[in-house]
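Engineer: Quick note: the sequence shown uses full-length UniProt numbering, first residue 1, plus one each step.
This is the structure I want to talk about, given as structure tokens.
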Amino acid sequence: MNIELSEVSFTYEKRSRKTKVTDISCILQQVNIDIQSGEMLAVAGKSGSGKSTFMQLIKGFLKPSFGNVLLDQTNPFTSKRPELFDRIGFIFQYPEHQLFSVTVAEDIAFGLRHSRLTPAEKKAKVKRAMEAVGLDYDAFAERSPFELSGGEKRRVAIAGVVVLEPELIILDEPTAGLDYPSRTSLFDMLHRLNKELGTTIIWVSHQLEEMLGHASRLLIIKDGTIVADGLPQALLSDQTLLASLGWEKPPALVLRDLVLEACGIEINHPYNISEVTPLLISLFKKQQRSLEEERLCLP
């Protein structure tokens with residue numbers, strides 16, 4: 001699914017009962033962006049910048065005050081085809097708080113309750129969804145979701161969206177509250193959905209290093225406006241941009257720059273972090289040889 005936001009703005013009115021004055025606040029201003037099928041897109045910005053509004057407009061939870069949101073070149077509102085938004089899955093922050101069924105399988109199958117599928121077809125879909133998120137059906141289907149670990153609960157919640165076979169999945173702070181192994185496992189699963197099923201992934205995060213490691217594209221929103229759009233390594237290496245946002249360069253990029261400087265390599269383009277690994281190993285071996293030579297020279 002290709003998504004296009006054309007001159008999209010979103011405002012809301014708040015009327016004071018005492019003064020009877022209507023205050024109009026603009027949350028997003030003239031947003032223009034194309035999102036291609038199969039992207040891994042991260043969205044960053046400070047709290048209140050408009051990130052959540054941006055996501056809810058794509059899903060159809062909110063209708064633009066101005067402009068158009070097009071799904072495969074069709075406006076679901078003007079064409080009276082709201083079912084197009086069903087092709088987009090939306091996972092809220094801490095989705096495990098929404099688990100409620102007795103078993104994992106029942107929770108995942110909840111979204112299929114109004115379908116005309118047979119019980120066998122529903123079971124097959126649930127099984128495929130569980131496999132997609134890395135949960136073994138035989139091991140987890142009959143377990144209570146409340147007995148699972150935090151990472152496993154989140155996988156169950158995501159499977160409840162995957163079972164509907166969305167073409168795009170939006171996640172709000174997907175790694176919030178998870179430990180490092182669970183975060184790593186979660187993104188392994190998201191990459192698998194992206195590569196094997198072609199699912200477009202869009203997620204909001206405050207973790208800049210998370211975006212460096214997993215996003216193919218980074219969108220930065222400030223005061224309701226998209227101020228940057230491009231490769232995460234390039235944007236998060238831009239000192240002028242970082243200063244305007246009040247952000248510091250991610251530690252991974254700081255380490256990269258120190259290694260390149262120690263190797264005598266001029267930093268004139270945004271290196272991929274993985275390119276630094278052989279340089280770091282080479283630098284370490286060089287220092288080891290130097291220490292060994294000094295030891296041999298001692299009387």
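Using N, Cα and C, we set each Cβ at its ideal position, and we do this for glycine too.
So for C26, helix, strand or coil by DSSP?
Structural biologist: Position 26 of the sequence shown, counted from the start, is the residue given in the question as residue 26. Looking at C26 - three-state DSSP - the assignment turns out to be strand.
Engineer: Per DSSP, what kind of secondary structure is K111 in: helix, strand or coil?
Structural biologist: Residue mapping note: residue 111 aligns to position 111 of the sequence shown, counting from 1. Contrary to the premise, residue 111 reads as Gly rather than Lys in this sequence. Helix.
Engineer: For the candidate residues P166, G45 and K59, whose alpha-carbon lies nearest to that of T200?
Structural biologist: The residue given as residue 200 occupies position 200 in the sequence shown. Scanning P166, G45 and K59 for the CA closest to the CA of T200 turns up P166.
Engineer: My guess is that L219 and D229 are in contact by the Cβ rule of under 8 Å, so how many angstroms apart are they, rounded?
Structural biologist: The residue given as residue 219 occupies position 219 in the sequence shown. The residue given as residue 229 occupies position 229 in the sequence shown. Rounded, the Cβ-Cβ distance is 5 Å, consistent with contact.
Engineer: Measuring CA to CA, which of Q30, V254, S49 and D136 is closest to E4?
Structural biologist: Within the sequence shown, numbered from 1, the residue matching residue 4 stands at position 4. Here the closest residue by C-alpha is Q30.
Engineer: Less than 7 Å between C-beta atoms, sequence neighbours within five positions excluded: which residues of the same chain meet that for K59?
Structural biologist: Within the sequence shown, numbered from 1, the residue matching residue 59 stands at position 59. Cβ within range, chain order: F85, I88, F90 and I170.
Engineer: On the premise that I108 lies in contact with G160, defined as a C-beta separation below 8 Å, what is that separation, rounded to the nearest angstrom?
Structural biologist: Reading the sequence shown from its first residue, position 160 is the one you call residue 160. Reading the sequence shown from its first residue, position 108 is the one you call residue 108. Right, their Cβ atoms sit about 5 Å apart.
Engineer: Cβ of L212 within 7 Å of Cβ of A252?
Structural biologist: Taking the sequence shown and counting its residues from 1, the one referred to as residue 212 is at position 212. Taking the sequence shown and counting its residues from 1, the one referred to as residue 252 is at position 252. Yes. Within cutoff.
Engineer: Taking the DSSP output, what are the residues bridged to G230?
Structural biologist: Here residue 230 is taken as the residue at index 230 of the sequence shown, counted from 1. DSSP, once it has assigned bridges, lists L218 as partnering G230.
Engineer: Give me the Cα-Cα distance between S37 and R154, rounded to the nearest whole angstrom.
Structural biologist: Taking the first residue of the sequence shown as position 1, residue 37 is located at position 37. Taking the first residue of the sequence shown as position 1, residue 154 is located at position 154. Whole-angstrom Cα-Cα distance: 24 Å.
Engineer: The beta strand (DSSP E) spanning F90 covers which residue range?
Structural biologist: Against the sequence shown, residue 90 aligns to sequence position 90. I88 to I91 is the extent of the beta strand (DSSP E) around F90.
Engineer: Rounded C-beta distance between R143 and T103? I'm assuming under 8 Å.
Structural biologist: Stepping through the sequence shown from its first residue, residue 143 is reached at position 143. Stepping through the sequence shown from its first residue, residue 103 is reached at position 103. The Cβ separation is near 7 Å, so the contact holds.
Engineer: Counting Cβ pairs closer than 8 Å, one from the region 190 to 204 and one from the region 38 to 46, do we hit at least three?
Structural biologist: yes
Engineer: What do you reckon, are the CB atoms on L280 and V254 nearer than 7 Å?
Structural biologist: The residue you call residue 280 lines up with position 280 of the sequence shown. The residue you call residue 254 lines up with position 254 of the sequence shown. Cβ atoms of L280 and V254: not closer than 7 Å.
Engineer: Quick one: measure Cβ to Cβ for K222 and S49, integer angstroms, because I've assumed they're closer than 8 Å.
Structural biologist: Indexing the sequence shown from 1 puts residue 222 at position 222. Indexing the sequence shown from 1 puts residue 49 at position 49. Sure, about 6 Å apart at Cβ, within 8 Å.
Engineer: To test your reading of the DSSP string, which unbroken alpha helix (DSSP H) runs of 4 or more residues are found completely within the region 151 to 208?
Structural biologist: 180 to 196
Engineer: In terms of alpha-carbon separation, which member of Q93, L71 and L197 lies closest to E83?
Structural biologist: Position 83 of the sequence shown holds residue 83. Residue L71 is the option with its Cα nearest to E83.
Engineer: Just mark T74 as buried or exposed, buried being the case when its beta carbon has 16 or more other beta carbons within 10 Å.
Structural biologist: For the purposes of this step, residue 74 is taken as the residue at position 74 of the sequence shown. Exposed, by the Cβ-count rule.
Engineer: Helix, strand or coil: which one does DSSP assign to L135?
Structural biologist: Indexing the sequence shown from 1 puts residue 135 at position 135. If DSSP states are grouped into helix, strand and coil, L135 belongs with coil.
Engineer: Please classify Q287 as buried or exposed, where buried requires at least 16 neighbouring CB atoms within 10 angstroms.
Structural biologist: For this step, residue 287 is matched to residue 287 along the sequence shown. Burial check for Q287: the Cβ neighbour count within 10 Å stays below 16, so the residue is exposed.
Engineer: Quick one: residues in its chain with C-beta nearer than 6 Å to the C-beta of Q56, no 5 flanking neighbours on either side, listed in chain order?
Structural biologist: Taking the sequence shown and counting its residues from 1, the one referred to as residue 56 is at position 56. For Q56, where only same-chain residues beyond five positions count, the Cβ hits under 6 Å are L62.
Engineer: Do you know offhand how far D188's Cα is from C297's?
Structural biologist: Numbered from 1 along the sequence shown, position 188 holds the residue referred to as residue 188. Numbered from 1 along the sequence shown, position 297 holds the residue referred to as residue 297. So the two alpha carbons sit approximately 49 Å from each other.
Engineer: Measuring alpha carbon to alpha carbon, tell me which of G264, L178, H191 and S244 ends up nearest Q93.
Structural biologist: Translated into the one-based positions of the sequence shown, residue 93 becomes position 93. The shortest C-alpha separation from Q93 is found at L178.
Engineer: Check G45 in the structure and name its three-state DSSP category.
Structural biologist: Mapped onto the sequence shown, residue 45 falls at position 45. G45: coil per DSSP, three-state reduction.
Engineer: Flag this pair as yes or no: are the beta carbons of V133 and V163 separated by less than 7 Å?
Structural biologist: Taking the first residue of the sequence shown as position 1, residue 133 is located at position 133. Taking the first residue of the sequence shown as position 1, residue 163 is located at position 163. For V133 and V163, no; Cβs fall outside 7 Å.
Engineer: Are A141 and P95 closer than 7 Å when you measure CB to CB?
Structural biologist: Within the sequence shown, the letter at position 141 stands for residue 141. Within the sequence shown, the letter at position 95 stands for residue 95. Against a cut-off of 7 Å, the Cβ pair of P95 and A141 comes out as no contact.
Engineer: Tell me where the alpha helix (DSSP H) around L260 begins and ends.
Structural biologist: Stepping through the sequence shown from its first residue, residue 260 is reached at position 260. L260 -> alpha helix (DSSP H) spans P251 to A262.
Engineer: May I ask you to report which of helix, strand or coil DSSP gives T240?
Structural biologist: Reading the sequence shown from its first residue, position 240 is the one you call residue 240. Reduced to three states, the DSSP call for T240 is helix.
Engineer: Between K122 and A105, what straight-line distance do the alpha-carbon atoms span, to the nearest angstrom?
Structural biologist: Looking up residue 122 in the sequence shown gives position 122. Looking up residue 105 in the sequence shown gives position 105. A direct Cα-Cα distance of roughly 10 Å separates K122 from A105.
Engineer: Look up M1 in the DSSP assignment and say whether it is helix, strand or coil.
Structural biologist: Against the sequence shown, residue 1 aligns to sequence position 1. It is coil, neither helix nor strand.
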